[in-house]
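Q: Going by UniProt numbering, 170 is the number at position 170 of the sequence shown; the sequence numbering is gapless. Built from N, CA and C at the ideal position, the CB exists for glycine as well. Submitted below is the structure of interest, expressed as structure tokens.
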Amino acid sequence: MAKVTCGMPDGTVKERAERSCEKFSYAPYGFNVAPLAGVLGFDGQPRDGVTGCYLLGAGYRVYNPALMRFNSADSWSPFGKGGWHTYAYVSCDPVNFFDPTGHMRRVKPLKLDVKRANRQGQLNASSSITSPVSPLKVKRLRDRDMKDLSPAAEHNYNIFVDAIEKEGLSFTEAAKKMGDPNLKITNKKLGIWQVRLDGGQRMTFRVGEGEVEISQVGGHT
């Protein structure tokens, strides 16, 4: 019987039972024919032992890795945060995103792959880091505060966040990657900025020391 089950951000899961440890690999959409001893599976999500499906969002929706889609439609689709396809899993991009809620995709955590280090903890020349570490951290909004964003606004939101977290860019450089965002400061004393996501939908954020805190998105001015 498994004592500890740990979900890994790259889609692998390690099962630790007593003194043994097993590692499982998955297809991009989470399919795996091997039985699991524990409860958690692909992306660290709970898997039903009978059907092999995943119960995302505390059982809100059933995801079928064999069909590579959900078994039921998303209540946030097609005009909300759930995306235009009501049955698609993470907008058909499981390599870069995952969905723990059954509603909307999220960017997978960065993987820091350090192959070797000397006894002082310093990286050797043969060591490698697969993703840059951003000097800024992004404090995101809750899922329910973003469900009314249009698909285009959601796309630009992800561009902005990924540019900071994955590429290590400043918030001004991240805004430029969105095209013509009309970036402007609205409160210089508090460090509050605003950027256009799509049409009349905008994003307001505060720039602090080492952090970009997103406070609001939507049709505000």
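Under the rule that 16 or more other beta-carbon atoms within 10 Å means buried, what is Q216, buried or exposed?
A: Flag for Q216 reads exposed.
Q: Can you find the residues in the same chain that come closer than 6 Å, C-beta to C-beta, to D54, ignoring five residues on each side of it along the sequence?
A: In the sequence under discussion, the amino acid at residue 54 is Tyr, which differs from the Asp named in the question. Excluding positions up to five away in sequence, the list reads Q45, R47, Y63.
Q: Which of helix, strand or coil does DSSP assign to Y157?
A: Of the three classes helix, strand and coil, the one that applies to Y157 here is helix, per DSSP.
Q: Quick check: G218 and R206, are their CB atoms within less than 9 Å of each other?
A: No, the pair does not count as a contact, with Cβ atoms beyond the cut-off.
Q: Leaving out the 5 sequence neighbours to the left and right, which residues in its chain are closer than 7 Å to S150 when beta-carbon positions are compared?
A: Here the set comprises D198, Q201.
Q: When you compare each of T51, E209, K166, T172 to V107 by their alpha carbons, which one comes out closest?
A: It is K166 whose Cα lies nearest to the Cα of V107.
Q: Cβ atoms of P28 and M138: under 9 Å apart, would you say?
A: Rather than Met, the amino acid found at residue 138 in this sequence is Val. No, Cβ-Cβ distance for V138 and P28 is not below 9 Å.
Q: Could you name the residues of the same chain whose beta carbon sits closer than 8 Å to that of E211, not counting the 5 residues immediately before and after it, in chain order?
A: Contacts found: L136, K137, V138, K139.
Q: My assumption, with CB atoms under 8 Å, is that T172 sits in contact with L183. Please give the rounded CB distance.
A: Rounded, the Cβ-Cβ distance is 7 Å, consistent with contact.
Q: By the DSSP assignment, the alpha helix (DSSP H) with T172 in it spans what residues?
A: Taken as a continuous stretch (DSSP letters only), the alpha helix (DSSP H) holding T172 covers 171 to 176.
Q: Would you please state the rounded distance, in angstroms, between the beta carbons of E30 and D43? I believe it to be under 8 Å.
A: Reading off the sequence, residue 30 comes out as Gly, not Glu. With 8 Å as the limit, G30 and D43 qualify as a contact, their Cβ atoms being about 7 Å apart.
Q: Can you tell which of N32, S91, M68, N71 has the C-alpha that lies nearest to the C-alpha of P78?
A: Closest option to P78, Cα to Cα, is S91.
Q: Verify whether the separation of the beta carbon atoms of I159 and K177 is less than 9 Å.
A: Yes, these two residues count as a Cβ contact at 9 Å.
Q: Going by C-alpha to C-alpha distance, which of G179, E213, P100, P181 sits closest to I192?
A: Among G179, E213, P100, P181, the Cα nearest to that of I192 belongs to E213.
Q: Can you grab the Cα-Cα spacing for the pair V195 / A174, in whole Å?
A: Cα to Cα, V195 sits roughly 11 Å from A174.
Q: Give the single residue among Y89, N32, G102, F70 whose Cα lies nearest to the Cα of R144.
A: For R144, the nearest C-alpha among the options comes from G102.
Q: Assuming K147 is part of the beta strand (DSSP E), what are its boundary residues?
A: Where K147 is concerned, there is no enclosing beta strand (DSSP E), given that its DSSP letter is neither H nor E.
Q: Taking the alpha carbon of residue 223 as the point to measure from, which residue in M68, S170, K23, G83 has its own alpha carbon closest?
A: As shown, the chain starts at 1 and ends at 221. That puts residue 223 outside it, with no answer to give.
Q: Which residues in the same chain have their Cβ closer than 8 Å to the Cβ of W84, if we skip the five residues on either side of it in sequence?
A: Excluding sequence neighbours, W84 sits near S77, P78, P151.
Q: Take I164 and list the residues in its own chain whose beta-carbon comes closer than 7 Å to its own, dropping the five residues that flank it on each side.
A: So the list reads S134, L136, V138, F171, A174, V212, once near-sequence residues are dropped.
Q: Report all residues from its chain with a CB closer than 7 Å to the CB of L141; omit the five preceding and five following residues, and keep chain order.
A: Once the five neighbours on either side are set aside, the close Cβ partners of L141 are I214, V217.
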